[in-house]
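Just so you know, the sequences run in chain order C and Z. Residues 1 to 114 (the numbering used here) are what the first sequence spells out, left to right. Residues 115 to 227 (the numbering used here) are what the second sequence spells out, left to right. Using N, Cα and C, we set each Cβ at its ideal position, and we do this for glycine too.
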Amino acid sequence: AQTVTQSQPEMSVQEAETVTLSCTYDTSESDYYLFWYKQPPSRQMILVIRQEAYKQQNATENRFSVNFQKAAKSFSLKISDSQLGDAAMYFCAYSGAGSYQLTFGKGTKLSVIP
Amino acid sequence: KAGVTQTPRYLIKTRGQQVTLSCSPISGHRSVSWYQQTPGQGLQFLFEYFSETQRNKGNFPGRFSGRQFSNSRSEMNVSTLELGDSALYLCASRADRVSDTQYFGPGTRLTVL
Chain C
1 AQTVTQSQPE
11 MSVQEAETVT
21 LSCTYDTSES
31 DYYLFWYKQP
41 PSRQMILVIR
51 QEAYKQQNAT
61 ENRFSVNFQK
71 AAKSFSLKIS
81 DSQLGDAAMY
91 FCAYSGAGSY
101 QLTFGKGTKL
111 SVIP
Chain Z
115 KAGVTQTPRY
125 LIKTRGQQVT
135 LSCSPISGHR
145 SVSWYQQTPG
155 QGLQFLFEYF
165 SETQRNKGNF
175 PGRFSGRQFS
185 NSRSEMNVST
195 LELGDSALYL
205 CASRADRVSD
215 TQYFGPGTRL
225 TVL
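See below:
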């Protein structure tokens with residue numbers, strides 16, 4: 001079974017600074033997808049960024065980028081120029097290429113300090 | 115396009131009762147998945163429906179069931195509610211392929227007293 005581990009239950013960052021959230025996963029599959037979702041206090045789960053395992057290039061989406069290390073099974077999220085609205089729970093998630101479900105990590109609570 | 119909608123947003127039930135939650139996917143999406151979120155267990159997959167058929171089921175007791183209608187709307191039902199069923203229930207829709215991203219609704223907060 002696949003597992004996703006987020007080792008940082010909580011993190012904080014100063015507004016306008018950069019923060020990196022860590023995620024590791026365990027799988028025997030070669031083809032899969034990785035995601036970062038954001039869940040603000042409203043509880044609405046919002047997709048931040050996705051990465052296809054077969055792509056070497058790291059995904060970027062405006063201020064959000066990932067560092068995908070396939071051999072190390074690591075998938076970290078970097079948030080640049082942090083804003084107050086970035087404060088939320090961040091979940092790393094895995095989906096196998098032949099799977100219909102997401103496997104989530106326990107989440108990292110990010111606080112942004114003004 | 116309108117996003118995924120879930121009704122009701124909040125529910126309070128007592129032990130032993132049953133409950134039905136509803137999810138309307140994004141227009142054109144044929145796959146609907148359900149997840150349970152609790153502080154202790156985190157986010158756990160319940161089941162996924164595609165074209166009115168259950169394609170995949172998580173490790174939950176038979177008290178948890180679901181269905182999908184021809185318009186892709188989905189319902190999940192929990193019978194004989196237990197205190198431990200108190201959770202946020204999230205629905206997610208996906209267009210079709212496994213590679214498509216899942217988009218989530220706002221969730222239904224169920225409290226069992």
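Distance, Cα to Cα, residue i vs residue j?
| i | j | result |
| --- | --- | --- |
| K38/C | T134/Z | 27 Å |
| V150/C | L77/C | Examination of residue 150/C is not possible in this model, given that chain C is present from 1 through 114 alone. |
| R208/Z | H143/Z | 5 Å |
| A201/Z | Q6/C | 21 Å |
| M89/C | S138/Z | 25 Å |
| F64/C | Y32/C | 20 Å |
| T215/Z | L227/Z | 35 Å |
| S74/C | L160/Z | 26 Å |
| N58/C | Q132/Z | 46 Å |
| T24/C | Q69/C | 9 Å |
| A116/Z | E17/C | 34 Å |
| K171/Z | I79/C | 34 Å |
| E61/C | T128/Z | 44 Å |
| C205/Z | P175/Z | 18 Å |
| P40/C | G85/C | 9 Å |
| V4/C | A87/C | 22 Å |
| Q44/C | Q150/Z | 13 Å |
Determine whether the beta carbon atoms of residue i and residue j lie at a separation below 7 Å.
| i | j | result |
| --- | --- | --- |
| L125/Z | L224/Z | yes |
| E162/Z | S179/Z | no |
| T194/Z | G130/Z | yes |
| E189/Z | S141/Z | no |
| G156/Z | K106/C | yes |
Ordered along the chain, which non-local residues of its own chain (more than five positions away) have a Cβ less than 6 Å from that of residue i?
| i | result |
| --- | --- |
| T27/C | Q2 |
| L102/C | A93 and S95 |
| Y163/C | The structure shown has nothing for residue 163/C, since chain C only spans 1 to 114. |
| E166/Z | Q182 |
| I46/C | K38 |
| F35/C | R50 and A93 |
| T152/Z | A201 |
| S186/Z | P139 and R144 |
| D81/C | A16 and R63 |
Which residues in the same chain have their Cβ closer than 7 Å to the Cβ of residue i, if we skip the five residues on either side of it in sequence?
| i | result |
| --- | --- |
| M11/C | V19, L21, T108 and L110 |
| F164/Z | R144 and S145 |
| T119/Z | S138 and G219 |
| E29/C | G96 and A97 |
Residues of chain D with a CB under 7 Å from the CB of residue i: which are they?
| i | result |
| --- | --- |
| L202/Z | You won't find chain D in this structure, because its protein chains are C and Z. |
Between which residues of its own chain and residue i is the CB-CB distance below 8 Å, once the five residues before and five after are set aside?
| i | result |
| --- | --- |
| I113/C | S12, V13, Q14 and E15 |
| R123/Z | P220, G221, T222 and R223 |
Positions along the segment 85-110 of chain C whose CB lies within less than 9 Å of some CB in chain Z: F91, A93, S95, G96, A97, G98, S99, Y100, Q101, L102, T103, F104, G105, K106 and G107
Output, in sequence order along the chain, the residues in the segment 31-64 of chain C whose CB is closer than 8 Å to any CB in chain Z. Y33, F35, Y37, S42, R43, Q44, M45, I46, L47, R50 and E52
For the segment 212-224 of chain Z, list every residue whose C-beta sits within 9 Å of some C-beta in chain C, in sequence order. V212, S213, T215, Q216, Y217, F218, G219, P220, G221 and R223
Residues from the segment 115-131 of chain Z in contact with chain C, defined by Cβ distance under 7 Å: none
Residues of the segment 159-180 of chain Z with a CB closer than 8 Å to any CB of chain C: list them in chain order, please. F159, E162, F164, R169, N170 and G172
3-residue-minimum beta strand (DSSP E) runs that sit fully inside the segment 158-219 of chain Z, ordered along the chain: 167-171, 178-182, 188-192 and 201-208
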